[in-house]
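Numbering (UniProt numbering), first residue to last: 1 to 878. Ideal Cβ positions, reconstructed from N, Cα and C, are used throughout, including at glycine. The structure appears below as C-alpha cells.
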C-alpha cells in the first residue's frame with residue numbers, strides 16, 4: 001500500500017507536514033492564551049500536587065457541556081511543554097498534571113509572571129494587523145497596525161486605557177527579571193553614579209528596583225504624559241513626562257531597554273542623538289555612556305530556538321511599530337550614524353539557575369509568537385512568493401524577488417524580513433550602569449530615525465547633567481543575531497522584530513544595526529552586556545506566546561506572491577529583485593528583507609551569498625515546502641493556507657476561553673453566531689475558498705484512490721467540486737463515479753460520460769455504490785454524527801444490486817500512529833484535532849476510537865494503511 005516508492009514522495013509528504021504545522025502554528029498561541037484565561041496554571045499550582053483531569057475539570061470556571069474538551073487542550077499543552085503528565089497508580093484514568101518551569105511563568109501572582117505579556121501580545125488589537133500584512137505591503141501605510149486600526153499603536157494606546165494598561169503591565173512585568181540581574185550582577189556599573197534616566201521606562205519597575213538598591217542614585221522615569229501623569233515617585237525616584245524624540249532629561253547615565261527595536265533606523269538615530277546630548281550636557285568632564293538592552297540578531301552562538309525567537313520579534317516589530325531587530329552590523333551603523341564611536345556587546349549571564357529561567361521564558365515567548373509562522377506563510381502565498389521564485393527557474397536574489405512581487409515600492413525594504421523567517425521555517429532556502437540614562441524596551445519601538453533622535457536627546461541629557469563628567473545611556477533591549485543565543489531565542493527575536501514592524505514601525509536590531517544607530521546619534525562608544533549596556537535579550541523564553549507570527553508572516557508571503565516571484569525568476573533572487581517584483585508600496589520596500597528573514601529562518605526560503613563578499617548579493621531560493629505554495633502547482637497548498645488563516649476561521653480562536661464557559665457547540669458559533677456550514681452556505685467567498693482548498697488537497701490523495709478502486713461504482717461523499725472523482729473517472733473510464741454533496745455545492749457543476757453530480761444530505765441517504773469514499777469528512781463530526789453517516793454508507797454498499805457487498809474507503813488521520821515521525825506528525829495531528837474542536841465540534845481519533853466508531857455503526861472489519869503522511873487510508877467492510 002505504498003503510494004510512491006520514490007524518495008521524492010517521502011520528501012513531498014514531509015514538506016506537506018511542514019506546511020500544515022506552519023499554517024497551524026497559531027493554535028499554539030491561542031491554546032496557551034485560553035489556558036491562561038481559564039486559570040489552568042493557577043488551579044494546578046494551588047492544588048499543591050499533581051492534579052487529575054477530573055479534579056482539574058471540577059476546579060475550572062467552564063460550562064458543564066465543555067468538560068469533555070479539557071483533556072484535548074491539555075494534551076496539546078503537555079506536548080508543548082507547559083505541563084507534565086504522570087500516572088499516579090498505573091490506572092488509565094489516573095493521569096495527573098503538574099506545571100513545568102515554563103508553566104510556572106504563567107502564574108498570575110508570580111513576580112516573574114509572563115501572563116501580562118502574553119495577554120497583551122495576543123490581544124485582538126495586536127493580532128488583527130497580521131491579517132493585513134499583504135495589504136500593508138501593497139500600500140503606503142507605515143505599519144500594518146495602522147492599516148488595521150487607522151492609527152499607530154502609540155496613538156491607540158494613548159486613547160484606549162485598557163490597551164495602555166495591558167501594555168504597561170506587560171513592560172513592568174518584563175522589567176522584574178532584568179532589574180534583578182542588573183541590581184545583583186552589575187553593581188559596578190552604578191559606582192559613582194548619582195543620576196539615571198530610564199528613557200521610555202513605563203510605570204517605573206526598572207527604575208524603582210535601581211533606586212531601592214542604590215539610594216544614592218536619583219532615578220528618573222521618562223515617558224509620555226499619558227503613561228506617567230498619575231504615578232507617584234519617592235525620595236530618589238521621580239517621573240518626568242516628555243518625548244524622547246525631542247529631548248531627554250540630562251543625567252549621568254541613560255538606559256534604553258527594549259526601546260530601539262520599536263523604531264526605524266531614522267528614529268533610532270534621533271533617539272540616540274537625544275541620548276547623547278543628554279549625557280554630554282550633564283556638566284561633567286567625563287563622557288558617560290548609553291546602555292541599551294535589546295536583541296542582536298544573527299549571533300552565531302545562538303541555537304535554533306533563539307534564532308526563531310529573534311525572527312519572531314523582528315516580524316512583530318515590523319508589523320506593529322515599523323521597528324526591527326538588528327544584527328551587530330546594523331547596530332554598529334546605527335550607533336555610528338547617531339554619533340557614537342565605540343560600543344561593546346555583552347551576552348546574558350550564563351549562571352545555571354538564570355539559564356533555566358531564561359530558557360523557560362523563551363519557551364513561553366515562542367509559544368506566544370507561534371501565530372506569526374502561520375500569518376507570514378499566508379502573506380507569502382498571497383503575495384505569490386513561491387510562484388515568483390518557482391517561475392524564476394533558479395535561486396532568486398532578494399532584489400529579483402522584490403521586483404517580481406506585486407508590492408508597493410515603499411515595502412520593498414521589508415521583503416527580506418518576511419523571507420528571513422520563512423527561510424528559518426524551511427519553506428525557502430538561502431545561499432550565500434554608572435551615572436546613566438535608562439532606555440528599557442524603548443528603541444525597538446522606533447525607526448532608526450526616531451531612535452537617533454531619542455539617543456541624541458539622551459546624549460544631550462547625560463552631557464548636561466550638571467556635573468563635570470559626562471554620563472551614559474543604558475539601553476535594555478534586544479540584540480538580534482547574538483551568536484551566544486540558542487535557536488528558540490533567535491526565533492523569539494525575529495517574532496519581536498516583526499511585532500515591532502507591524503504595530504509601531506519599530507524593529508529589533510543586531511549589533512551592527514545598534515552600532516550604526518549609536519554612531520548616527522553621536523555616540524562614539526558602546527558596550528553590550530548580557531543584561532546591561534546593549535543587552536542581548538533574545539534568551540527570554542516568551543516565543544511560544546507570539547509564535548502565531550509564523551502563521552501570519554507565511555500568509556503574508558503567499559498573499560504578496562513571494563514564492564511565485566522567486567519561482568518565476570528562474571534562479572536565486574536578490575532582495576532588490578524581489579522587492580521590485582512584488583506588488584508593494586514604495587514605502588514598504590525596506591521591510592521586505594525582514595519578512596524574508598523570518599521565512600528563511602522558518603525554512604520556506606533558502607538564502608545564499610552569490611559572491612561571498614557583498615551582503616547585498618544575498619539571494620533567495622525556494623525550499624521544498626515553499627514549492628507547495630506556488631499558485632499554479634498541481635500540489636499547491638496555497639488554497640488550504642488561505643482558508644485556514646482566513647479571518648473568519650481564525651477569529652473563533654480568540655473566543656476559545658469564552659466557549660469553554662458557555663453552552664455553544666463550537667467556538668466558531670461563539671464568534672459568528674452560526675455554524676461554519678451555515679456560514680459557508682451564506683457566504684460565496686468563504687464557500688469558494690473552502691471548495692478550492694478541498695480540491696487542492698485531493699490531487700495527491702486521488703493518486704492513492706485510483707489504485708484501490710478498479711472496476712467498481714464509486715460515490716465520493718462530500719466530494720465538493722469533484723477533483724478526486726474526476727481523477728478517478730479519467731484514469732478508469734469504466735468506473736462510474738458520483739460526486740455527492742449538498743445541492744448548493746454541486747448544483748452548477750457539469751459531469752461527463754462516467755462522472756455525475758448528485759445533490760443530497762449524507763445524514764439522510766447515500767446513493768448506492770460498490771465503494772463509498774469519505775475523504776476528510778468524519779473528522780468534522782462528533783461520534784454521534786459519524787455513526788449516522790457510516791450507517792447511511794453501510795446501507796448504500798449493501799443495496800448496490802450486486803451479490804457482492806462493497807466497502808467504505810476513509811481518508812483521515814489516525815492519531816498516535818507509532819509509525820509517524822514523533823516530533824512533526826504528532827504536532828500536526830494535535831493541531832488538526834484542536835482545529836476540528838474549535839470550528840466544527842469534530843475531532844482526530846486514534847485507532848481505538850476509530851474501532852469503536854466502526855463497531856457502533858455496524859462494521860465488523862477494518863484495515864488501516866499508512867500511506868498519506870499524517871493521514872491514513874482505512875478500508876471498512878460490514
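Task: Rounded separation between residue 432 and residue 376 - CA only - done: As a working note, residue 432 is residue 432 in the chain shown. As a working note, residue 376 is residue 376 in the chain shown. Residue placement at residue 432 is flagged as unreliable, the pLDDT there being 49, under the threshold of 50; the coordinate-derived value follows with that caveat. Approximately 23 Å between the Cα atoms of the pair.
Open item on the list: Which residue marks the beginning of the beta strand (DSSP E) containing residue 771, and which one marks its end?
Closed with: Your numbering for residue 771 matches position 771 in the chain shown. From DSSP, the beta strand (DSSP E) with residue 771 extends over 771 to 775.
Task: Counted within 10 angstroms of its Cβ, other Cβ atoms place residue 750 as buried (16 or more) or exposed - done: For this step, residue 750 is matched to residue 750 along the chain shown. With fewer than 16 other Cβ atoms within 10 Å, it is exposed.
Task: Under the three-state DSSP convention, the category residue 346 falls into - done: Here residue 346 refers to the residue found at position 346 of the chain shown. Strand, per DSSP.
TODO: With distances taken Cα to Cα, identify the nearest neighbour of residue 419 among 596, 878, 732.
DONE: Along the chain shown, one-based indexing puts residue 419 at 419. Checking every option, the nearest Cα to that of residue 419 belongs to 596.
Task: Simplified DSSP state of residue 762, which is helix, strand or coil - done: In the chain shown, the residue the question calls residue 762 occupies position 762. Coil.
Task: Own chain residues within Cβ distance below 8 Å of residue 743, not counting five before or after - done: Within the chain shown, numbered from 1, the residue matching residue 743 stands at position 743. Excluding sequence neighbours, residue 743 sits near 759, 760.
- [ ] On a CA-only basis, which of 640, 110, 45, 179 is nearest residue 84? Give me that one, please.
- [x] Position 84 of the chain shown, counted from the first residue, corresponds to residue 84. The candidate whose alpha carbon is nearest that of residue 84 is 45.
Open item on the list: Which runs of the alpha helix (DSSP H) at least 4 residues long sit entirely within the UniProt domain "O-methyltransferase dimerisation" (548 to 631)? Give them in chain order.
Closed with: 549 to 559, 562 to 568, 575 to 581, 593 to 600, 624 to 627
Task: One or two residues paired with residue 318 in a DSSP bridge - done: Mapped onto the chain shown, residue 318 falls at position 318. Per DSSP, none; premise fails for residue 318.
Task: residue 811 in three-state terms, based on DSSP - done: Residue mapping note: residue 811 aligns to position 811 of the chain shown, counting from 1. It is a strand residue.
TODO: Tell whether a beta-carbon distance below 8 Å holds between residue 43 and residue 56.
DONE: Mapped onto the chain shown, residue 43 falls at position 43. Mapped onto the chain shown, residue 56 falls at position 56. In contact: residue 43 and residue 56 (Cβ atoms closer than 8 Å).
Open item on the list: Just list the residues that DSSP pairs residue 882 with in beta bridges.
Closed with: Summary: the structure shown does not reach residue 882, with the chain confined to residues 1 through 878, and so no result is reported for it.
Open item on the list: By the DSSP assignment, the beta strand (DSSP E) with residue 462 in it spans what residues?
Closed with: Locating residue 462 in the chain shown gives position 462, where the first residue counts as 1. Note, residue 462: premise wrong, no beta strand (DSSP E); alpha helix (DSSP H) at 448 to 462.
Open item on the list: So the candidates are 451, 449, 459, 511; which of them puts its Cα closest to the Cα of residue 478?
Closed with: Position 478 of the chain shown, counting from 1, holds the residue named residue 478. Out of 451, 449, 459, 511, 511 has the C-alpha closest to the C-alpha of residue 478.
Open item on the list: Quick check on DSSP: helix, strand or coil for residue 527?
Closed with: Sequence index remark: in the chain shown, residue 527 carries index 527 (1-based). Note: residue 527 maps to strand in three-state DSSP.
Open item on the list: Whether or not the segment 401 to 413 and the segment 566 to 583 are in contact is what I'm after, with contact meaning three or more pairs of Cβ atoms, one per stretch, closer than 8 Å; do they touch?
Closed with: yes
- [ ] Assess, as a yes-or-no matter, whether the segment 133 to 142 is touched by the segment 237 to 250 under the definition of 3 or more beta carbon pairs within less than 8 Å.
- [x] no
- [ ] Just confirm the distance between the C-beta atoms of residue 117 and residue 174, as a whole number of angstroms; I'd bet it's less than 8 Å.
- [x] One-based indexing of the chain shown puts residue 117 at position 117. One-based indexing of the chain shown puts residue 174 at position 174. So it is a contact: roughly 6 Å between Cβ atoms.
Task: Enclosing alpha helix (DSSP H) for residue 25 [first to last residue] - done: For this step, residue 25 is matched to residue 25 along the chain shown. 25 to 38 is the span of the alpha helix (DSSP H), which, as asked, contains residue 25.
Open item on the list: Quick test of your reading: residue 223 and residue 201, contact by CB under 8 Å. State the CB separation rounded to the nearest angstrom.
Closed with: In the chain shown, counting from the first residue as 1, residue 223 sits at position 223. In the chain shown, counting from the first residue as 1, residue 201 sits at position 201. At roughly 6 Å, the Cβ-Cβ gap stays under 8 Å, so residue 223 and residue 201 are in contact.
Open item on the list: Please return the same chain residues whose Cβ sits closer than 6 Å to the Cβ of residue 830, not counting the five positions on each side in sequence.
Closed with: Indexing the chain shown from 1 puts residue 830 at position 830. Correct list, in chain order: 76, 79.
Open item on the list: Distance check for residue 49 and residue 881, CA to CA, integer angstroms please.
Closed with: The structure shown does not extend to residue 881, since the chain is modelled only from 1 through 878, so no value can be given for it.
Open item on the list: I need the straight-line Cα distance from residue 17 to residue 585, nearest angstrom please.
Closed with: What you label residue 17 is simply residue 17 of the chain shown in a count that begins at 1. What you label residue 585 is simply residue 585 of the chain shown in a count that begins at 1. One C-alpha to the other measures close to 33 Å.
Open item on the list: Using a Cβ distance threshold of 8 Å, determine whether the segment 663 to 680 contacts the segment 717 to 730, with at least three qualifying pairs required.
Closed with: no
Open item on the list: For the structure I just gave you, are there three or more beta carbon pairs, one from the segment 319 to 327 and one from the segment 261 to 278, closer than 8 Å?
Closed with: yes
Open item on the list: Just verifying my parser: in three-state terms, what is the DSSP assignment at residue 84?
Closed with: As a working mapping, residue 84 is identified with position 84 in the chain shown. Three-state DSSP puts residue 84 in a strand.
- [ ] May I ask you to report which of helix, strand or coil DSSP gives residue 151?
- [x] The residue labelled residue 151 in the question sits at position 151 within the chain shown. Three-state result, residue 151: coil.
Open item on the list: Tell me the DSSP secondary structure of residue 533 in three-state form.
Closed with: Numbered from 1 along the chain shown, position 533 holds the residue referred to as residue 533. The predicted position of residue 533 is uncertain, since its pLDDT is 33 and thus under 50; no value can be drawn from it.
Task: Run of the alpha helix (DSSP H) containing residue 683, from where it starts to where it stops - done: Numbered from its first residue, the chain shown carries residue 683 at position 683. No alpha helix (DSSP H) contains residue 683, which DSSP labels as neither H nor E.
Open item on the list: Classify residue 536: buried if its beta carbon has 16 or more other beta carbons within 10 angstroms, exposed otherwise.
Closed with: Position 536 of the chain shown, counted from the start, is the residue given in the question as residue 536. In this prediction, residue 536 has a pLDDT of 35, which is less than 50 and means its spatial position is unreliable; nothing more can be read from the coordinates.
Open item on the list: Spatial neighbours of residue 123 within its chain, please: C-beta separation below 8 Å, excluding the five flanking residues on both sides.
Closed with: Working through the chain shown from its first residue, we reach residue 123 at position 123. So the list reads 163, 166, once near-sequence residues are dropped.
Task: residue 417 versus residue 381: straight-line alpha-carbon distance, rounded - done: Counting from 1 along the chain shown, the entry for residue 417 is found at position 417. Counting from 1 along the chain shown, the entry for residue 381 is found at position 381. Taking the straight line joining both Cα atoms gives about 15 Å.
TODO: Compute the beta-carbon to beta-carbon distance between residue 254 and residue 439, rounded to the nearest angstrom, for a pair I have assumed lies under 8 Å.
DONE: Translated into the one-based positions of the chain shown, residue 254 becomes position 254. Translated into the one-based positions of the chain shown, residue 439 becomes position 439. Going by Cβ atoms, the distance from residue 254 to residue 439 rounds to 6 Å, so yes, they are a contact pair.
- [ ] Would you kindly report the start and end of the unbroken alpha helix (DSSP H) that includes residue 472?
- [x] Position 472 of the chain shown holds residue 472. Looking at the DSSP string, residue 472 is not in any alpha helix (DSSP H); the run it does join, the beta strand (DSSP E), is 472 to 480.
- [ ] Compare the beta carbon distance of residue 582 and residue 562 with 8 Å and say whether it is the shorter of the two.
- [x] Along the chain shown, one-based indexing puts residue 582 at 582. Along the chain shown, one-based indexing puts residue 562 at 562. Closer than 8 Å, so yes.
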